[in-house]
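Under my numbering, read the sequence shown as residues 503 to 718, first letter to last. Here is the structure we will look at.
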Amino acid sequence: MNSELINNTINFVKEALKNAEGGHDWFHIERVWKNSKLLAKSENVDLEVVELAALLHDIADSKFNDGDETVGPKKALNFLIDQDADYRVIDHVISIIENVSFKGGHQKRTFNSLELDVVQDADRLDAIGAIGIARTFNYGGFKNRAIYDPEIKPDLNMTKEQYKASTAPTINHFYEKLLLLKDTMNTTTGEKIAKQRHAFMEQYLEQFYNEWNGKN
Numbered sequence: 503m504n505s506e507l508i509n510n511t512i513n514f515v516k517e518a519l520k521n522a523e524g525g526h527d528w529f530h531i532e533r534v535w536k537n538s539k540l541l542a543k544s545e546n547v548d549l550e551v552v553e554l555a556a557l558l559h560d561i562a563d564s565k566f567n568d569g570d571e572t573v574g575p576k577k578a579l580n581f582l583i584d585q586d587a588d589y590r591v592i593d594h595v596i597s598i599i600e601n602v603s604f605k606g607g608h609q610k611r612t613f614n615s616l617e618l619d620v621v622q623d624a625d626r627l628d629a630i631g632a633i634g635i636a637r638t639f640n641y642g643g644f645k646n647r648a649i650y651d652p653e654i655k656p657d658l659n660m661t662k663e664q665y666k667a668s669t670a671p672t673i674n675h676f677y678e679k680l681l682l683l684k685d686t687m688n689t690t691t692g693e694k695i696a697k698q699r700h701a702f703m704e705q706y707l708e709q710f711y712n713e714w715n716g717k718n
């Protein structure tokens with residue numbers, strides 16, 4: 503493990519994301535990084551690759567770069583080259599970054615590794631549960647979306663392009679993404695944590711609808 507490279511990456515990411523939207527800022531990265539290290543304890547993985555990919559996975563989220571999915575991998579690649587990282591590590595990390603995100607439209611991964619399994623689970627765990635709910639409404643407010651509109655139903659058959667362009671109310675996002683993540687977990691530990699966080703979201707939605715409909 504190259505501790506200097508990890509520390510340099512932390513500093514690079516903190517600086518790059520210092521003005522980021524609250525759901526995709528340094529603290530999101532830090533949580534995914536910590537979750538990745540937790541999940542990695544039960545998996546036979548290259549921990550350096552896992553940590554670097556977790557730290558760099560959202561260095562330039564396409565949502566904030568006009569939908570361009572190449573900006574993040576390029577930024578991470580240039581950083582790792584500047585750090586003289588091993589080319590095999592660089593190649594693996596970039597492949598993880600390119601395949602880690604939930605993009606909607608029933609997209610399939612084009613690359614597979616245990617390290618990607620860990621980082622992807624860690625990222626998805628941060629999208630569900632109490633923090634996932636907070637992040638969802640934070641982003642909805644950032645995009646000036648309605649909280650809920652009973653007339654606008656969730657769409658589970660969107661293409662990738664439709665998913666990215668959606669302006670639907672925030673509650674719809676629970677059905678179009680958050681509640682789907684439990685069944686996409688790759689690791690046993692990730693699956694266990696996801697079940698608990700999924701149940702919390704279901705409880706939250708029940709309370710939300712009761713309050714919305716004056717039933718509380």
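Ideal placement from N, C-alpha and C gives every residue a C-beta, glycine not left out.
Secondary structure remark: continuous beta strand (DSSP E) runs of at least 3 residues inside the region 584-670: none found. The C-beta distance from Asn-601 to Leu-579 rounds to 15 angstroms, too long to fall under 8 angstroms, and the pair is not in contact. With respect to the 8 angstroms criterion, Gly-574 and Ile-599 are classified as neighbours on the basis of their beta carbons. Boundaries of the alpha helix (DSSP H) around Ile-695: 690-714. Nearest C-alpha to Asn-504 among Lys-516, Glu-517, Lys-520, Leu-549: Leu-549. For the pair Ile-596 and Asn-640, the Cα-to-Cα distance works out to about 28 angstroms. For Ile-531, the enclosing alpha helix (DSSP H) begins and ends at 528-542. Counting the other CB atoms within 10 Å of its CB gives Asn-537 a total of 16 or more, which places it among the buried residues.
Counting C-beta atoms within 10 angstroms of its own C-beta, Leu-680 has 16 or more neighbours from the protein chains shown and is therefore classed as buried. In the three-state reduction of the DSSP assignment, Leu-554 falls in the helix class, which pools H, G and I.
In the DSSP assignment, His-675 falls within the unbroken alpha helix (DSSP H) covering 672-678. Apart from sequence neighbours up to five positions away, the residues of its chain that approach Val-534 with a beta-carbon distance below 6 angstroms are Ala-556, Ala-624, Asp-625, Asp-628, ordered along the chain.
Asp-560 carries a coil assignment under DSSP once its states are collapsed to helix, strand and coil. Ranked by Cα distance from Asp-584, the first of Glu-678, Phe-514, Leu-658 is Phe-514.
Per DSSP, reduced to three states, the secondary structure at Thr-686 is helical.
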